Every structure is written in structure tokens, then in C-alpha cells.
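Residue numbers (the working numbering), protein chains in the order written: chain A, 1422 to 1875; chain B, 1422 to 1875; chain C, 1422 to 1875; chain D, 1422 to 1875. From the three backbone atoms N, C-alpha and C, an ideal C-beta is built for every residue, glycine too. Predicted, not measured: the structure shown is a model, and the values here were computed from it. Structure record follows, encoded as C-alpha cells.
Number of protein chains: 4
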Amino acid sequence: MTNKVTAYVNPVGSLDVLSKHEVSQLTDSKHKQLQQVFRLCALAVLNTGNDSDNSKHIIEQHKDFDIDILQTDRGVKLKVINAPSNAFVDGEMIRGIQEHLFSALRDLIYAHNRILNSGHFELSESDDITNANFHILRNAGVLNPVKYLNLVVCWGGHAINRVEYDYTKEVGYQLGLRSFDICTGCGPGAMKGPMKGGAVAHAKQRMVDSRFIGISEPGIIAAEAPNPIVNKLIIMPDIEKRLESFARLSHAIVIFPGGVGTSEELLYLLGILLHPNNKDMPFPLILTGPKSSRNYFDQLNQFVEATLGKRATKLYDIIIDDPEQVAIRVNEEVKKVREYRKENSDAFYFNWRLHIPYDFQRPFEATHQDMSELNLSSQQPVHNLAANLRCAFSGIVSGNVKADGIAAIEAKGPFKLKGERFIMDALDHLLRSFVEQQRMKLDGKTYHPCYELV
Amino acid sequence: MTNKVTAYVNPVGSLDVLSKHEVSQLTDSKHKQLQQVFRLCALAVLNTGNDSDNSKHIIEQHKDFDIDILQTDRGVKLKVINAPSNAFVDGEMIRGIQEHLFSALRDLIYAHNRILNSGHFELSESDDITNANFHILRNAGVLNPVKYLNLVVCWGGHAINRVEYDYTKEVGYQLGLRSFDICTGCGPGAMKGPMKGGAVAHAKQRMVDSRFIGISEPGIIAAEAPNPIVNKLIIMPDIEKRLESFARLSHAIVIFPGGVGTSEELLYLLGILLHPNNKDMPFPLILTGPKSSRNYFDQLNQFVEATLGKRATKLYDIIIDDPEQVAIRVNEEVKKVREYRKENSDAFYFNWRLHIPYDFQRPFEATHQDMSELNLSSQQPVHNLAANLRCAFSGIVSGNVKADGIAAIEAKGPFKLKGERFIMDALDHLLRSFVEQQRMKLDGKTYHPCYELV
Amino acid sequence: MTNKVTAYVNPVGSLDVLSKHEVSQLTDSKHKQLQQVFRLCALAVLNTGNDSDNSKHIIEQHKDFDIDILQTDRGVKLKVINAPSNAFVDGEMIRGIQEHLFSALRDLIYAHNRILNSGHFELSESDDITNANFHILRNAGVLNPVKYLNLVVCWGGHAINRVEYDYTKEVGYQLGLRSFDICTGCGPGAMKGPMKGGAVAHAKQRMVDSRFIGISEPGIIAAEAPNPIVNKLIIMPDIEKRLESFARLSHAIVIFPGGVGTSEELLYLLGILLHPNNKDMPFPLILTGPKSSRNYFDQLNQFVEATLGKRATKLYDIIIDDPEQVAIRVNEEVKKVREYRKENSDAFYFNWRLHIPYDFQRPFEATHQDMSELNLSSQQPVHNLAANLRCAFSGIVSGNVKADGIAAIEAKGPFKLKGERFIMDALDHLLRSFVEQQRMKLDGKTYHPCYELV
Amino acid sequence: MTNKVTAYVNPVGSLDVLSKHEVSQLTDSKHKQLQQVFRLCALAVLNTGNDSDNSKHIIEQHKDFDIDILQTDRGVKLKVINAPSNAFVDGEMIRGIQEHLFSALRDLIYAHNRILNSGHFELSESDDITNANFHILRNAGVLNPVKYLNLVVCWGGHAINRVEYDYTKEVGYQLGLRSFDICTGCGPGAMKGPMKGGAVAHAKQRMVDSRFIGISEPGIIAAEAPNPIVNKLIIMPDIEKRLESFARLSHAIVIFPGGVGTSEELLYLLGILLHPNNKDMPFPLILTGPKSSRNYFDQLNQFVEATLGKRATKLYDIIIDDPEQVAIRVNEEVKKVREYRKENSDAFYFNWRLHIPYDFQRPFEATHQDMSELNLSSQQPVHNLAANLRCAFSGIVSGNVKADGIAAIEAKGPFKLKGERFIMDALDHLLRSFVEQQRMKLDGKTYHPCYELV
């Protein structure tokens, strides 16, 4: 994989043609930051199949990678310079990767011009954030009037073992046989397995409009490159918008074994569903894994019960070692969601009614200070505690795999987290088990925690 | 046509789903004007096949027409109330009309939110106006990377006689046999004939992706309802943006006999092509009609020569009574355009390089004062004179068929135009011939001029 | 149109690739007759738009026309030599005509190998004839499992006047608005009008899978060249198989004014529907025309009543001057057909249950002897009389427009028909009125009858 | 797999509608044999995923399985009774399996009516056999005029180990990345692996018209059920027509490790290519496997050299452990095939020019007598020896896995083969190595040879 390729690439997929102004943004020195983010995302997309989850390392490895944009008679064209050779076959870029490249371009330009710098959205208000998300997703072509609800979001670790991975494939297969499309966060492990299984099932069912949606964000994409099975890649501006997109697009969510990232996602969702406004909304949520993961889910369940209470544990089902049952259950539950949306004249393609408080939308940047100031006590509404626990996990993810997070830890040492005793104990217990089970990192080396519980 | 129908209509065609915010704009009392424009355009679309070109009259006839927008599980839905019955078959809206309805909605919402009120475009600057046009057209789905150049814009009168109409069909047929798509300004007469002929030819050639593009604007659409053959309807915010869209989308332009509207279009184009910046750009422009129209084109040609000079008359060819030759010539000339764009790496789908001075982009509202202040003298660059003559014709169109124009004339009497003698003489001569040839209005009554040459 | 074109043409449409054996049939001297029939059909197809209905004349005019078949790496290729130039645009064959050419090839080879010379079908048995028809139609790709019944067969004259022609267009338009597909016998007049109207309506309704089926046979195709709107051309081996195909494919039949050919079709159908076995089967049959055709239908109705009795006149409705009502009625009646087929588990795409006696299937070749021996008396079951009257009209069609019929008349003088007095009187009356109304031939010259009533 | 399902199934895929006559064949007692063959093939298709290769055993296991055919308004319908449950998801048949069911029906009816009992083909003549094959393949929809040559036939054992299986997947993946379609003989092992790999590659390349062609025959299908990835299933009447189809459809052939079936295929092909008539025809043939298969290919190569001579070994390349190289080589060689076919105006979709002597086409039924009479001596042209060796292997396949072959062996003991000493030694050596390497049967039990070398 030391070979590098320089090539010209034409647009494919859902990128509309670009205006002269948009092309100039990608060449003008005034728009340095946009260009850097695009270069980073492009590298991630092209770097598919690599086996590192260390963004910083990947970026350093490809210092000579670059990407230019050119105006031509048929639209725009990209020149990729010193790209990883495994994105190519006999000098031609693999078509799926080519599509990802232009999906990244599409989302970054749209977010830059029409969302972040347009003055059109007030991004400190909850409604406007949701509206902005809606616009990005619509522009990406994933909001379509549909007849059936069939999008299952699958969450789970990127660093899972072979048995767990095969299990995620089997669940994807059983969902796929029942015509469900799959949405994950891109990357390897539990984010790839369900799509692989789903793709085989869709082939057997001769489905032709399968959607394998991958939702990423610039900070994580380098560590979790989209697998080419993803046929709709979306890059949201930040992790909170990514999480909200999962929540509003999904008709059901399945959670596989994972590490801190998966815990972040579970806490995010539980926090929202615990909010009084969402009390009566059906929201299928299933935790599942192979026999060997029973212990893992017991610990996770205990942690939820200890910190958020029994009401939280009732929001999900745990199904161990039964992929067919997972798919059958999802099928049943989604029918209730359909009924609910019809009764309330809600859109099928976007869950407008789900109440997501601003606390869950505000971008959390994991600095040492912010991490140390998180309020991890029971003296607050339970959904607020969930929001803060979610931030704690988010910070640990950043310290583990994101380029700036790793840099911050290298510079200042581990994050310090503090809070009420019983919460810290539960947290300590859970994190230790992740380390023991090697759920923190891909490389298999001894794990040096990027956090301390104080 | 006395029957009226009330019905619910689901979205079809290229309207994306709407956000909650966009739906609310169409119901909220804060957005009265947007709603009124939509109601007007919807009425025009539904009123297809009517034989009046008096917008004011049409609007008065349908005072009880209304349209509501509703949010549903599958997206939005429209309720049309007291709509003209000929838009329906056995109670079901004709699918082509249904598409037009949602095209109108798409363009009005987009222009309202993303162009006019977004703060993103500086609409007093030429580049930004062009960019805005590009965005509206892109959002309407008419800018696609294409392999061949095949869009012919056809201009000509809505009030032409049967022989002329049949001729426009035959030209459309010959263009269609050669795989050309047709773009016109919607409405009857020369704007419908080429599409009808083109559609038959495309059927014979088994073309499946035919584009029959109709470009309108809110002020004119009521008088020139889109024929349902139009399968891409676009509503630009004003007449200048509509004209610029024609100029930038077209690969060739064919002009049939017409009246003041057609003269406006010809002058607009000649003015631009006379600008020094556009000197070397190939731009196929053919004036054509049946034998009986020879006189008409002689007069038009004399007017152009008298006012803009011989250089202007060299910008077009006149072909009398030879539809096949028109198509063959267009075919040859478009090849040169293709070469030119390839050499300059220009887009095939949008003529960025065409220089359109701000004078031709600035919305001209035909008030009595503005009309009387038009500089119609030879003491200015010839392209400026063309711009001002274009405005004079534009005002007359408005006084003839637009609702507010008619109202202004009713209130204050005819517009007064003044200028250099030889120009006024040429103008007088041309306008008189239009009146004599009944090219002013559809209804066939005695024509009362809405202008006076002073 | 004296220009002639020689060109190579690649297969398009539904011709499968040919075997080496099939290719050799079209070149080998052993298969002279097949080659001649193909040459004739090809000429007819290419001669579209010509205004003669005299097959003999057309063939003589194009003595130097020829067609070769060539084997290539991508399949077969045709070389057409001295073809009429109006089948081409700038040297390229019009795609619709190209499809017709290969449809002719497909049907002729199939009928030759798999039906007529296969030994697989016993063509003197009613069931096997029906089965053979089924196989030809299936091979032509017109038998598809459908959800709705929407095929209306339109019959009527090729030599109708402008008012009648416009009326057929309007009926086709109203049918098309209601999603009906059209099937006719190819050719001009009432066989083209409904398709033209239907095509416009389908465009407005954005229907993309329109079927405009033309069913011809080698003896008639030269006189009734398929209009390029026909997008499924089928060439049945003889006129009886063509008539049976109409009857079994149709979900409703509409008959416009016509001449002897149309009378032949009406009698064929009445004869079948009068058969006791078909007593309870719903079979929508509507005779319709503009105001000016009222007289025509009165005469036809009187003829039917006089010869076949009142029961026969109850099998159809006559609707004068109301295209919309025709379409509404067809719509209603077809629903009953659908119910009937569902109840009896009959196929939607092929009316197996319709009983067609062998007398209606046996090829009738109009020789002077056979014509003179037709039993035109009331001393037989009424459906037999209908069958014989049908043959009488068939012979007259042949004498009017078919190459061998015309030759026979030139050689031996008019056919002699004899029969019971009141029948001959009715026949005489009807035929005279056809002559008076110029419904016999296209060319408008004085008509010399090819028959005598003895 | 103890559960059984009874269900109604509608046609999907490329089965045309059936005539009444064809439906009756599947119900009438006169056509017992056709019905039994269909029942057998249907069972095989539905039994996908089972892990037995013993046809007799499978048939006995499903004695209560049956299948009825019903005429309905929308065409035909099948009633499957006591079908294996793994063909269903929640009571609905998996769509791919449903297509296979109707493909089987299509091919059996076609072969029965139009080939075997039509009198149209003289099946004792070489040309007519080839023509019959052409007709069956054309009716199955696999002969299409194509622009590129991209069909690679993959042969190899059904009973291969995991390392070999993964290798076949990887070769399929590398071929798929280069847009090659895959054709195999259905079943597990080397017939499934390349399709799985190819399907993943096609997904990454966003290919939408992938062809995964499986060619089987009634005698083998029960032991080698088509994997649902197969999207074009074809059932040829016998093994020799199946082999000819492979040879004439393929643009290149890749052979993986296998057992006697694979040897049969290799000898069949070498015998043909050794024929003087085929001397100059490019025919890419690559033998490949993982490192561990080096020994296997050495033995096979020695056997070929010993029996057919050095000239035979030059007809193929052996590539060990380099999937990418296999695909690159195929790509290069196929370009030469393309050139050759263009030069000779040969069809791309069917290799008419390949000379297949009648000896290779004549159905060989492995009776004890025929096996014992095979001429296995060097006193004959080398391609004849190849033909006879091919029959020897064919007989052993039959004795191993086919229902009637197994029964014959059970009744009369092993087949006896005799021949020239050095040939029998080479044969003995090769067959022993297959037994040792467990390449004879799937079940892993001790293998009892169904042959004796005398």
C-alpha cells in the first residue's frame, strides 16, 4: 500500500454541478479552512480499507496527498495527487469511492455556504439547528417521500472481534431479507458488518434501490473511513448534528457491542427519550450481540440502571444471539412507528416530532477544561445527566482517535472527570471492562487511558 | 369552463420535501406576498388551455380560487379550491399540470428563501445576479453535465395565425428529429408549436429523456399558461432573470414571428451580442417563418438596421419557409458552439462566459415615469440603446397583458415614449405594422395602444 | 421524395439475436418466398408517410429497393438499398422506423420457423390456430401480466375526411387521458388519429410505458404503412390471424367511420359475439364519429339489423359527437370486463375464453371462384351468415388495395357476389353509400367497383 | 430444516406468460416425465443452502414435496407444497429463489416443446445441437448484443476447503472490480465463491446490470443447488449441452481446484481446443488456486501431459496464489478474443466459430456397459482420447452424486474402466490424489470409489 496514484476524477452520483463561485472557494486562498477540511475528508474516503483508527497517524502518513478542483466543459473535475493506491483498479478509481469523494464535496460546500455562513440559520437555537440538519440531508438526497418505513440505524464498535462482527453481518442479513435499509456511522466493525449482510440479502431479494447510508463528520471520518458498500455518504458538520441525523432519520435503532463511542450514542438516545416531551413516542431500540457478549450487555445495562434508573432500561430490549428475532422484532415495532406517524400526520422520512433539547445539539468540544467541568451528579433532571455523561464519553472518543483530541492528550495528559461517587464508580467499572475487553482501540497494543476519574 | 373542482393533490416531479419552516411560510400570515404569488402562479398553471391573455381578467374570473398547503406523513399535500375543471380528468388532476404546480412551489420557495431574502446574494451586482440565476436553475434540476449541446430556445408571438403556428410546429419537428430539445417561454402560439412538433419527432425517434423546458415569471405566467407538454417548468423571479436564463441555457435561438414581446427578446439578445466582450463567441440565432411572414421579417430587419446598424443584422440569419434548413443550420452552428466551449473549458449546460451587462439584468418596472425617461437616442453605445429599446418593448408588453400594467394604463392613460426622431419613426413604423397584423393581443378586438410616441 | 438512400442499419427494439440458421434463411436461395415477404414488409415500413394505398403501385415504384442481411460481431445488420428517403434524417434512419424494420424481421422469421413450418401446430384446428397466435404475440412481446386492462382497439377507415380524422384524434386523446393504450391496424386515417391523440394525452399524463400497438399482415401492410407512433409493430401471417389478435388482445373496441375494411371488421366481431358460446361475455363495442357521420352509422346499423337482426345491433352502442363520453363509457365497461376475467380466472392479456369458430379463422383468399360461392342467405345460423358477409367485404378490400387482388381484378374483371335478395339489396345499398361518400380509396379519383352484385 | 412451507408463488423474472397448452402440460397426466423433472428442479432450487450433494438422499428427504401450476387472471401461479422453509422469509419466498423457480419452468417447457419434441431440430447432427443450444440460451435471455466481452466462466470443485474457497472469492472480486461477469455451474464451493466476490466488487463499482449466470442440468441440479446470487439460472437438457453452453458463452475460463467434475470440464475443453479446426482461435484458460493447491495443479498438469501430451499443457496458464494477476491476465487475453471476433465478424455473445465435434455433444449416459467400453488408448487422435477420458470422469461424477448413478452403483457395484497401461496409471494416480485430498464428496465420510481401474 506504499504505492500512490495521481489521477483525474469526474463527478458521479448526487453532486449537482457547481457554480463558478463554488469552484473558486475550493481554489481561492480566502477559503483555506474549507479546503483543508475537504482534503482531510477526501483522504479519508480514499484511504478505505486501511486498518488504522488513528486520525493523526493517517494524516501524517499522507503529507504529500493533495486534491485540486478544475472547471471543465462538462462540469468540474478533481485532480487527486498521491492518493492511496487501493482506491484504484488498474489506475481507475473505484466508482463507489469516486461517489464518496463527490458526496464529501457536496456536503462541505453546502454546509459552508448555505448553513454555516449564510446568515439564514440561527445556530444557537434548537429549531434552527434541526432545520439546518433537514436542509443538509435534503440536499444530500436522503429525504424522500416513502411509502414504507425501512431505515434501521445500526450502532456499535469499530473495534469488535470476529465473532461479534459475524453476528452484525447476520443481523444485517436478516434485516435485509425483510427489505430494511441500513444506516451506520461509516467505518469498520459494527458499522460495516450489517451493511455487508444487508447487501447479500438485498441481492437475494433482488432489491435494486437499496440504501446503505453512512453518516460521518469531519472529525471522525479519518478514523472511520466509509466502506464502499455505503452508497449514500453524508458528512454532517459536527458530531451533534450527526447524532441528530441518526435519530431523526431512523425508524429503528439496533446497538451492537462497542466501546465508548457506542456508549456515547446510547446515552445520547436515552437522554432524549427520557425527556418528558418524547414520553409516548414509539422508538424501537434493540441491544444485541452473540452469546459471548452477554456479559458486556449486562454491564452496560447495570451502568444505565445505576446512573439513569430503571425507567431508562425499559426503553430498550436486549436480545442475545438471535439475529432472526432481532429482525422480526424490528419489523413489528416499526409498524407501530408507522401507525403513530400516520395518526399524527408526521413525515415518514424525518422525525420532526422527536424533541431534542438544545443541550444535546450544542457542539461539545472536548477540552480539558470542559471535560473537568461536566456535571456528573444526580442533582439534575435525568435527561440532563444523560447529556453530560454523553459528553464525557464523547471526550474519551476524541482522546482515543481524533487528531486534535490525541494532540491535546499528548500535550496536557489525560482528561479529568469528576462527579458524584456512585456515578463515578459505575463509570469506572464500565470503562475498565471496555479496556479489558479491548474495546478502546484497533491496534491491540496496551491501552493508555486518555482520562482519569477523580 | 364554468365548472370548478376542489381536490387534494400530492407532490410529483422535482419538488423536494419541504421543511416545517417552508410549509409554515405558505400558511403563516407573515408571508402574505409569497402566498399571493403562489396562488397566482397556481391559477395560471391550472388555467391551461384557456384562451385569454389578459391576466387581470383571468384573476377576476377566479376570485374564489384558492390553494392550501398541508403537512402529511408522506410529505406535503395541496388542497386546490375552485380550480378550473379542465385541469382534471374525471376528478383527477392531469399529471403534467400537477408537476407544474409543484414546480411553481419549488421555485417560489427557493427564490424567496435562498435568493431574495437570504442575504447570500448581492442582487445589485451583475455577478451575483448571474450566480442567483444559476442557483435557481440548478435547484430546478435543469443544469446537468451533458455530452451534447442540444437545447434550442424558440421565441415568437403568442398571438400568431394558423399558418405561422403550423410553421413553428414543423420547425420543432425538424429540430426534434435531430434530437434537439426545446425551450420556450410557456404559453400558446410560437411557444407551444415547436414543442408539439418536437414531441412528435421525439416519439418517432424514441427519445425518452426529452426536455421541453418552459421558463416563465410571476408577472407573465397568467397570460401565458404553460402547455402541459412542458415537462420542466421554471418560474424565475422577474423578466430579466428569465431572459438571462434563456440566454445562458440555450445552445441556439430560433425566433418566429411575434409582436412586442418577441421584439423585446430580440433586442435583449442583440444588445448583449453587440457588447465588445462577446465579440468572438459563436451564438446561433435564426429568424424564420412561413412565406407569408417575409414582410414581417423585412420590417423587423429594417428596424434593427435603422436603430442598431448593419453590425446588428449580421448577428442573425433569416430563413423563410424552410423548416428543414433551419434545423440543419442549427445543427451545424451548434457544433461550433460545442468546439468553442471545449476549447475554453466552458460548461456545456450554462453559458458563464456570455457577458451580460448590469443594464440588461436590472429589473425594469414599467411605470409611466420610467417609460417616459428611457433614453432612446443614438448618443450612447449601441448596446445601451438596445437595452433601452428592450425596456420600451417590455413596458408595452406589460401594458398589454400584465395585470398591474393594464391597471396602470387604465388609471393613467398610455405610456409616453420619447427619443431621437429617426428612432421614434422606426419604432412607430414597426409598432403600427404589429397592430395591423394583429400581433398585439389574442382577442381580435380593436387594439387600443398602451403607448404614445411623443 | 424521389431521393433514395442506401444505408446500414443495426437492430433496435425487441428482435432477439438471430441464429446462424436464421440469418442463412434470409440469404439462402432456398427461402425465396420468406425473403420476398420480408422485402415487401420492409418497403412498407420504410415507405411511411407516402400517400398511396395501392400496394401494386408502391411495389412497382420501388423495383430497385432491396435489403440484405449481414452477420456481425454485435449481431446482425441490415443493408437497405434504394430505400425511400423520408425514412431518414440526414442519412440516419428514424429510430421508430428502424424498430419497425426489425419487428417485421422478428415476426416473419418466427412465423416461418416456429409456426408455419415447425410441424408443431396443426393449423387446420381451431385451438392450434389460437395457440399459434398466442405464440406469435408472445414472441413479439405484447403479452405481459398486467394489473389493469387498458387496451382499446380502434377500427375505422384509412380514407376518412378531415373532420372524421380530427374526431378520431379527440377520442384517442380522451382515452389517453384515462391511461388507455391504443391498438389499430397501422396505416393512416382512423388507424393513426387515435394514436396521435393518445400520444399527446400520455405526454400530458407523463405516461412512460405507453403502448401504441399496430397489427398488420403482409398482404395489407404495403397499403397501410405503420405510422412511426406505433411502438409495437406486429405482423401476423394472414388477415384472419390479425383479426383474431385484435379480438383476443382488446379490452374494448371502438369503431370509427370507414369503408369495406371497417365493415369486414365489424361483421367479424358481430359474428363471433353472436355465437352462443360467447353469450354472457362482456365485450365493450362502441361505434362513434362526428356529427357529420350520423348518416353513415344509421346506414350501417340498418344493414346490420337487416342482415343479422336486432340481436346484433344490441351488441354495440352508437355515440355521436361526444369523444369524452366514448372514453367514459369505455372506462366503465372495461371495469366489467376486468371483473368478469377475475371471476373466471381468465388472463388479462389474452382473451382465451372468447370462442372463435374455425370459420372465422380459416384464411379466406379472395379468388373469383370463392367470392362467387359465398353463401349469403338467411338459411344458416346467423353467425355463419356474418362469417360469409365478412368474407365478401374482405374480398372487396383485396380488390381495392392489395397487390394480388388488384391484379386479379385487372385480369378477370370484378368479383361476382350472389345471395338472397334482401341481403343483396342491403349490401348494395351500403356499398353504394360508401362509394358516394368516397370511402373506398384514398386517391379521390372516380371509383371503379371491384365487385358486382348478381 | 424440518419446517416445511406451503405457499402460492407468482411469476417473476424472465418467464413469459404461458399458453393454455403449456399450462396443461404441467397438469396433464400425459406429460408425467416433464412434471417429474420440473418437480425435481424446483426442489433443488428451493433447497438452496442445504449441505448435501447426494441427490438421491435429497429426493428421499422431500418425498412429500410437490408443486402445482394454476392459471390466473394475471398469468400463472405456482403452488409449492411442503417446500424447504429456508427458501422463505416470514412465509414469503425469497425473490431470487422465486426467479429461479420460474427460470426452471421456462427452460423445461421450452426444451420440451420447442427443442426435444418439435421435430425442428435433428439432434443427431452437430450443427442442429449447437442451434438448439443457441435457441435455449436465447429464450433464457442470455444472448444479447454487447459492446464488450466480459463473461468469465469459473469451474472448480463443489467440495473445496476454506482456503481454496476464500481464494475463489478473491479471484471473483478482482474480476468483478474489472467489470467481469461470472458464469458457473451453480452449487457451492468454487461455483459460489467467485460470484460472492464478484458481487461485492460490482457493488463497489456500482454496476447495476451484473450477470451471475448459473448453468445447470436436471441430473446435477439437486446436488448443486443454485446459490441465490445467481441472477440468471439456465437449465440445459443434459450435461453435454451444458458444457457446450459454457464453451460458447465464455470469453475466458478460469479453473479452480476441484475433483472429477472439474477434470471432466478441463478434458472437455482441452479435447475441443486440440481439434485442428480450433488451432488459431484465442481462448483464455487459466488454472489457479492458493499456495496450498500447487501440488494439486502439478498432478493435474502431469496427468494432462502424460495422456494428451505437451501440446495440451500449452493451452492453459497456471497461476498460483495471485488473484489480481489472474484478473489482469484475463483482461489482457479477452482483448485478443475481442479483436479476433471483430476481425472475423463473429458474434460477441456466442462463439459460433468454435468447432465442437459431435463426440463432445452426444449425451453420454454412464451405464456400466458404456463405461467399460470407453476407448482409453493412445491409438486415436488426441482429441478423441480427451473425449473418452472426459466420459470416464463424467461417469464417476454420476456415480458419486447423481440419483440414478448412485442407484446404479448400489445395484451393480463400481464401474469398470479399462485402457492402455500408461493412461490407466496416470488416471489411477490422479483419482487417488482426489480421494486423499477429499475432493470426491462433501460429507467428509470415508469415500467408497464408484469405479475400478482394470
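Thinking C-beta only, is L1464/C closer than 7 Å to A1508/C? no
For M1422/B and K1613/B, what's the separation of their Cα atoms in angstroms? Note on M1422/B: pLDDT 44, under 50, position unreliable in the model; no value is reported.
Three CB pairs or more closer than 8 Å across the segment 1690-1709 of chain C and the segment 1751-1768 of chain C: yes
Q1492/C (DSSP reduced to helix, strand or coil): strand
With H, G and I counted as helix, E and B as strand and the rest as coil, what does DSSP make of F1542/C? coil
S1766/B versus chain A: which residues are under 9 Å apart at the beta carbon? L1491, Q1492, T1493, D1494
Close-in-space but distant-in-sequence residues of the same chain around N1424/B (CB under 6 Å, 5 per side omitted): S1506
Give a yes or no on contact between the segment 1653-1660 of chain B and the segment 1612-1628 of chain B, applying the rule of three or more CB pairs nearer than 8 Å. no
What is the C-beta distance between I1636/C and A1611/C, in whole angstroms, given that I count them as a contact (C-beta under 8 Å)? The Cβ separation is near 14 Å, so there is no contact.
Check whether V1574/D and K1653/D have beta carbons under 7 Å apart: no
Roughly how many whole angstroms lie between the Cα atoms of A1561/A and G1834/A? 39 Å
Would you list the residues sitting across from P1505/A in a DSSP beta bridge? K1425/A
Can you find a C-beta in chain D that's less than 7 Å from the C-beta of F1555/C? yes
Excluding the 5 residues flanking A1727/C on each side, which residues of the same chain have their C-beta closer than 7 Å to its C-beta? F1843, A1847
Given P1647/C, which residues of its chain have a CB within under 7 Å of its CB, disregarding the five upstream and five downstream residues? V1466, T1469, H1521, C1607, G1635, S1637, L1654
Contact list for N1698/A against chain B, beta-carbon separation under 7 Å: Near N1698/A there are no residues of chain B at all, since even the closest Cβ is about 16 Å away, more than 7 Å.
Check whether the Cβ atoms of V1747/D and V1621/D sit closer than 7 Å, and answer yes or no. no
Given that I1515/B touches chain C, what residues does it touch there, using C-beta distances under 8 Å? L1598, K1625, Q1626
What are the boundary residues of the beta strand (DSSP E) that K1653/B is part of? 1653-1656
Could you compute how far the alpha carbon of Q1800/A sits from the alpha carbon of L1729/A? 12 Å
Apply the 10 Å Cβ neighbour rule to H1533/A and answer buried if 16 or more other Cβ atoms are within range, or exposed otherwise. buried
Distance between I1490/D and S1714/D (C-alpha atoms, nearest Å): 47 Å
With C-beta atoms as the reference, is A1807/C less than 7 Å away from L1691/C? yes
Contact defined as beta carbons within less than 8 Å: I believe D1742/D pairs with P1711/D. What is the distance between those atoms, to the nearest angstrom? 5 Å
Residues, ordered as in the chain, of the segment 1528-1559 of chain A that lie near chain B by beta-carbon distance below 9 Å: N1534, R1535, N1538, S1539, G1540, H1541, D1548, D1549, T1551, N1552, F1555, H1556, R1559
Would you identify the three-state DSSP class for Y1588/C, choosing helix, strand or coil? helix
Go ahead and pull the three-state DSSP assignment for C1607/D. coil
State yes or no: is the beta carbon of H1804/D nearer than 7 Å to at least one beta carbon in chain C? no
Could you name the residues that DSSP lists as bridge partners for D1487/A? I1502/A
Looking at C-beta atoms only, is the number of pairs between the segment 1777-1794 of chain B and the segment 1534-1550 of chain C that lie closer than 8 Å three or more? no
Given a threshold of 16 other Cβ atoms within 10 Å of its Cβ, counted over all protein chains shown, does Y1689/C qualify as buried or as exposed? buried
Quick one: complete beta strand (DSSP E) runs, 3+ long, within the segment 1633-1685 of chain B? 1633-1637, 1653-1656, 1673-1676
Would a check of beta-carbon distances place A1620/B closer than 7 Å to chain C? yes
If we define contact as Cβ-Cβ less than 7 Å, is I1480/C a contact residue for chain B? no
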